[in-house]
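Let me begin by presenting the structure, written as structure tokens, before commenting on it.
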């Protein structure tokens, strides 16, 4: 827990710099390029801390997740990876229908993992990050409302939705196969 909790706080704190009123000040002091490098480095370090912290955390069972929810977890994870990809691609119908699809993907990811993990470290990770995503969505929507919503420059295209689905399925497949090597818990067990 010594790495896990600080890693989560650093990750969320860095992503809330704008809301805390520090992002613009830091960008002016450091310059945009240096700010982006330090921000990215901070995110990578926080993610390493979260993964290593989870791996080294004592296993404290809070509840036993029902085994029959594992299929639902996989379906939700497919949705989460597609939403995450849609949030990183240009104009798509998904971006028009789902506010902040990448952040909604984080929420779905967290809920999916909470369905299959009942230990304290998992609850901290998969509970705190969706809460952060909800706070971020609310903040972004307030800012958008205050500034006024700009008219989209381009019409959405189905090719971007298709790309989100294909890339999301590829990402899901990679995580499915390499989950054990990446996070210490294999989802596919060799026979």
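Residue numbers (the working numbering): 42 to 232.
Where a beta carbon is used, it is the ideal one built from N, C-alpha and C, also for glycine.
Inter-residue distance for residue 69 and residue 180 is about 22 Å (C-alpha atoms, whole angstroms). Of all alpha-carbon atoms in 174, 119, 203, the one lying nearest the alpha-carbon of residue 130 is that of 203.
Sequence-distant partners of residue 198 (beyond 5 residues in either direction) whose C-beta falls short of 6 Å from its own C-beta are missing from its chain. Scanning the region 108-181 from its first residue to its last, the whole alpha helix (DSSP H) runs of 4-plus residues come out as 111-127, 134-138, 142-157. Around the beta carbon of residue 177, 16 or more other beta carbons lie within 10 angstroms, which makes this residue buried. Cβ-Cβ separation between residue 110 and residue 156: approximately 5 Å, consistent with a contact (criterion under 8 Å). Distance between residue 64 and residue 182, taken at the CA atoms: about 18 Å.
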